[in-house]
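Take any residue in the sequence shown, note its place counting from 1, add 3, and you have its number in our numbering.
Have a look at the structure below before the remarks.
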Amino acid sequence: MPFPFFGDDKSTIAKLLSTLPQTGRLEWIGLRPARREPLLSVPEATVETDRHLAGDHARPKAGGKRQITLVQHEHLAAVAGYLGMEAPVHPGRLRRNLVVSGLNLLALKNRQVLIGETVVLEITGECHPCSRMEEELGPGGYNAMRGHGGITARIVQGGLIRVGDAVRVAPMAAPAAKPE
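What follows is the structure, given as structure tokens:
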């Protein structure tokens, strides 16, 4: 008898993948006013459909997979711990646009998340650390961020987001019925 979570039943796997225990929370919003400048913490921001955050210097192409970046709030303390820091790393040092708590962001690849009342993001992949992490965090910053660099997303629907907004995972589409 197969272990219940690893049986041949694809609907079991689909159910496991679709089950998320709670709603997350938007903890921080950061905008980059210019290339290589420190991120500015803002209480709210306008998300432009299929583009970027208004006021952010990044100009990703329409249809791009890296229009906005997110990092998990819980990882700020983990990264600090790997570097021997007492307090969690300030989110601006990680160069990501949004910090979200309460959801395992890495489990959401190819899923959509809703932030606040109107914004919809499609999670497209991991946001791997770059050599800038050595500059921002010091020696070992790059390795401390590996596996904790966050995710990238495409902006499906824009709108206004605010720190404190709920972050919900959109329901998965039902699998297509098998022809008989």
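No residue lacks a Cβ here, since even glycine has one placed at the ideal position from N, Cα and C.
Because the structure is a prediction, the values reported are computed rather than measured.
Which partner residues does residue i have in the DSSP bridge list?
i       : result
Gly-162 : Val-50
Arg-171 : Leu-117
Arg-157 : Glu-125
Gly-1   : The displayed coordinates of the chain run from 4 to 183. Any statement about residue 1 would go beyond what the structure contains.
Gln-75  : Val-103
Arg-39  : In DSSP, Arg-39 forms no bridge with anything.
Reducing DSSP to helix, strand and coil, say where residue i ends up.
i       : result
Ala-81  : helix
Leu-140 : helix
Gly-105 : coil
Leu-97  : helix
Ser-14  : helix
If we ignore side chains and look at the alpha-carbon of each, how far apart do residue i and residue j end up?
i       : j       : result
Leu-79  : Ala-147 : 10 Å
Gln-25  : Gly-105 : 7 Å
Thr-52  : Lys-18  : 30 Å
Leu-42  : Glu-77  : 20 Å
Thr-155 : Gly-33  : 14 Å
Tyr-85  : Leu-111 : 25 Å
Quick check on residue i: buried or exposed, where buried means 16 or more other Cβ atoms within 10 Å of its Cβ?
i       : result
Asn-107 : exposed
Asn-100 : buried
Are the C-beta of residue i and some C-beta of chain D separated by less than 7 Å?
i       : result
Val-116 : The structure shown has no chain D; it contains just one protein chain.
Mind listing, in chain order, the continuous beta strand (DSSP E) runs of no fewer than 3 residues lying wholly within the region 107-137?
-> 115-118, 122-129
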